[in-house]
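Report on the following structure.
In the UniProt record's numbering, the protein residues as written are 1 to 226.
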């Protein structure tokens with residue numbers, strides 16, 4: 001009987017902690033609302049605070065610069081069962097609690113995922129490598145804690161391709177923006193969202209085909225601003 005009481009007590013404590021961890025918190029700054037659900041009662045308070053501050057710093061800027069029609073209310077969940085890093089879907093961002101334990105300074109994971117919400121591309125609107133490349137380019141330009149997170153755009157090396165996605169593509173986008181057209185990413189993003197993207201767009205924006213741009217990049221991949 002004593003063991004039964006102990007088990008019941010432990011179960012009650014577990015259920016109370018679970019209910020507490022899963023209770024959404026609502027944060028608001030100006031016209032933006034963040035509904036934050038934390039499944040991890042052991043989440044570092046500084047990490048949580050940093051994610052929230054990063055969101056309210058970056059998200060309004062992304063809405064202003066890329067897509068003013070996107071929702072002003074975003075849901076973020078810290079998920080203990082997700083073993084990846086993070087993902088965004090239907091206005092909701094899910095971040096792995098395991099990842100935040102491993103990389104507590106990686107606050108701009110929320111910047112990358114917030115951009116995916118801003119992107120809101122239709123299905124098959126364009127190549128996946130470009131979708132992810134744009135999101136990492138945005139993290140590179142708008143991120144607030146990349147240095148502390150030891151997150152950077154990798155140097156060009158032989159064998160890379162613009163189709164490698166993420167940071168490799170992001171660096172290529174930064175190079176084109178610096179050397180040809182600073183509105184490149186805004187234009188690509190808009191066309192992807194409007195489902196009007198094609199490879200012809202690169203030549204229209206820069207005067208060069210995608211392949212020509214990559215060849216020029218490979219010859220001189222310096223991304224310092226001119």
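For every residue, glycine included, the Cβ atom is placed at its ideal position computed from N, Cα and C.
Per DSSP, residue i is paired with what?
i, result
"residue 25", "36"
"residue 123", "None; residue 123 has no bridge partner."
"residue 94", "77, 87"
Could you tell me which of the options sits nearest to residue i, measuring between CA atoms?
i, options, result
"residue 91", "110, 98, 106", "110"
"residue 69", "32, 88, 202", "32"
"residue 158", "180, 168, 178", "168"
"residue 179", "47, 113, 204, 222", "222"
"residue 104", "176, 210, 217, 50", "50"
Which of the three DSSP states is assigned to residue i in this structure?
i, result
"residue 75", "strand"
"residue 218", "helix"
"residue 197", "coil"
"residue 31", "coil"
"residue 43", "coil"
Given this structure, state the Cα-to-Cα distance separating residue i from residue j, to the nearest angstrom.
i, j, result
"residue 141", "residue 183", "13 Å"
"residue 189", "residue 61", "15 Å"
"residue 200", "residue 163", "16 Å"
"residue 185", "residue 28", "29 Å"
"residue 83", "residue 40", "13 Å"
"residue 120", "residue 128", "13 Å"
"residue 161", "residue 102", "29 Å"
"residue 25", "residue 148", "27 Å"
Take the Cβ of residue i as the centre, count every other Cβ of all protein chains shown within 10 Å, and call the residue buried at 16 or more, exposed below.
i, result
"residue 171", "buried"
"residue 23", "exposed"
"residue 108", "buried"
"residue 72", "exposed"
"residue 30", "exposed"
"residue 64", "exposed"
"residue 89", "exposed"
Does the ligand MG have a heavy atom nearer than 7 Å to the CB of residue i?
i, result
"residue 201", "You won't find the ligand MG in this model; it holds no ligand whatsoever."
For residue i, would you say it is in contact with chain D, using Cβ-to-Cβ distances shorter than 8 Å as the test?
i, result
"residue 121", "Of the protein chains in the structure, only one exists, and it is not chain D."
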